[in-house]
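Trainee: If you read the sequence shown in my numbering, its first letter stands for residue 146, the second for the next number, and so on. Virtual Cβ for every residue (Gly too), placed ideally from N, Cα, C. All of these numbers come straight from a predicted model, not from anything done at the bench. First, the structure itself, so that you have it in front of you.
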Amino acid sequence: MSREQCLSLERNNSVRRSSKVVTVAETNPAYLHCTVPHASDYLVAWTRLSDDALLTAGSQSFTTDVRFQISPKRQARDWVLIIRRVQLSDAGCYLCEVNTEPMSTFYPVYLEVRPEEQEKTKPAVIPKQSAQLMIKMDNNALYLNCTVGTNEKQLMPTTVIWTRNSEQLDLNDEISETVFSY
146 MSREQCLSLE RNNSVRRSSK VVTVAETNPA YLHCTVPHAS DYLVAWTRLS DDALLTAGSQ
206 SFTTDVRFQI SPKRQARDWV LIIRRVQLSD AGCYLCEVNT EPMSTFYPVY LEVRPEEQEK
266 TKPAVIPKQS AQLMIKMDNN ALYLNCTVGT NEKQLMPTTV IWTRNSEQLD LNDEISETVF
326 SY
């Protein structure tokens with residue numbers, strides 16, 4: 146369901162539209178608010194429309210996914226559906242339903258989930274030309290000394306990866322000393 150289709154589901158007695166779009170980054174929590182216009186003892190329920198799953202009704206949860214939680218703020222007339230550690234699959238239309246008479250009131254909230262930035266996990270790659278390698282053989286030991294240089298525009302790497310024939314070497318058990326000096 147598109148954002149526009151979701152938001153068109155709003156049905157309330159107020160002239161003011163209260164549909165919302167909430168945008169969060171993947172793995173962050175999402176807070177979907179449903180503010181009931183006047184104090185009442187109406188039952189408030191949250192439904193995920195992608196699979197018609199009833200998530201909460203009142204303060205009761207009806208999902209086995211522990212990431213979903215209801216936080217009723219009765220004095221503020223605000224029923225907050227909290228989704229912890231949001232996943233890309235959580236994106237879509239959520240419907241807050243208030244059992245008003247003669248017809249229920251619907252407040253749709255569209256959740257947009259941005260993927261985690263891949264740049265956070267990519268290591269900085271320093272061009273090969275900026276590294277100097279010195280090799281020393283002493284009996285059965287091989288000493289590799291790699292000096293990495295950088296200019297002010299580049300960040301110093303936190304990791305140096307050794308490769309042979311374009312394959313990364315696994316030296317974790319064999320490295321006796323690693324020294325970084327900046």
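Does the separation of the CB atoms of P253 and L152 fall below 8 Å?
Mentor: A contact, by the Cβ cut-off of 8 Å.
Trainee: Cutting at 7 Å between CB atoms, please list the residues of its own chain near F207, excluding the five before and the five after it.
Mentor: Excluding positions up to five away in sequence, the list reads L199, L200, T201.
Trainee: Beta-carbon within less than 6 Å of T180's beta-carbon, same chain only, minus the 5 sequence neighbours each way: which residues are those?
Mentor: Excluding residues within five positions, the ones whose Cβ falls inside 6 Å are R222, D223.
Trainee: Could you name the residues of the same chain whose beta carbon sits closer than 7 Å to that of T172, not counting the 5 residues immediately before and after it, in chain order?
Mentor: Cβ within range, chain order: R230, V231, E261.
Trainee: Using the Cβ count rule (16 or more neighbours within 10 Å means buried), how would you classify A170?
Mentor: Exposed, because fewer than 16 other Cβ atoms sit within 10 Å of the Cβ of A170.
Trainee: For L194 and P247, what's the separation of their Cα atoms in angstroms?
Mentor: If I take the Cα positions, the gap works out to 23 Å.
Trainee: Helix, strand or coil for Q205, going by three-state DSSP, please let me know.
Mentor: Note: Q205 maps to strand in three-state DSSP.
Trainee: DSSP three-state call for D196: helix, strand or coil?
Mentor: In this structure, D196 counts as coil in the three-state DSSP scheme.
Trainee: To the nearest angstrom, how far is it from the Cα of V225 to the Cα of L177?
Mentor: Going from the Cα of V225 to the Cα of L177 covers about 5 Å.
Trainee: Using DSSP with H/G/I as helix, E/B as strand and the rest coil, what is Q232?
Mentor: Coil, per DSSP.
Trainee: DSSP three-state label for E257, please.
Mentor: Correct three-state label for E257: strand.
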